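Please read the structure below before turning to the comments.
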Amino acid sequence: MAGTKAGGLKAAQTNKTRHGKDFYARIGAKGGKLGTTGGFAANRELAREAGRKGGMISRRGKAQKGTAMDIVLPR
6 MAGTKAGGLK AAQTNKTRHG KDFYARIGAK GGKLGTTGGF AANRELAREA
56 GRKGGMISRR GKAQKGTAMD IVLPR
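Pasting the structure below:
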């Protein structure tokens, strides 16, 4: 029954039976502990550089003067 909700529940029950009731908790805990990069919060300069690079390759045009409220549409 792979690919169905019932199959997923059956697989989850099998995993818990084979590996213990805390099977999914242990997997989740590993995800938080194995990270080594720290992300942008740990390195502001890295975040700044990434934002600069993203802005350089942006496909949006340059900012236009005025706002959307200033544009008058023809009737």
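Numbers 6 to 80, taken from this note's numbering, label the letters of the sequence shown in order.
Note that CB positions come from ideal geometry on N, CA and C, so glycine has one too.
Predicted model, so just to flag it, every value in this text is computed and none were measured.
Complete runs of the alpha helix (DSSP H) confined to the stretch 32-74 [at least 4 residues]: Entirely contained in the stretch 32-74, the alpha helix (DSSP H) runs reaching 4 residues are, in chain order, 44-47, 49-61.
N-terminal and C-terminal residue of the alpha helix (DSSP H) that T9 is part of: For the purposes of this step, residue 9 is taken as the residue at position 4 of the sequence shown. T9: not part of any alpha helix (DSSP H); DSSP gives it neither H nor E.
Reduced DSSP category for R23 - H, G, I as helix; E, B as strand; rest coil: Along the sequence shown, one-based indexing puts residue 23 at 18. In this structure, R23 counts as helix in the three-state DSSP scheme.
Beta-carbon proximity check, L39 vs F45, cutoff 8 Å: In the sequence shown, the residue the question calls residue 39 occupies position 34. In the sequence shown, the residue the question calls residue 45 occupies position 40. No. Outside cutoff.
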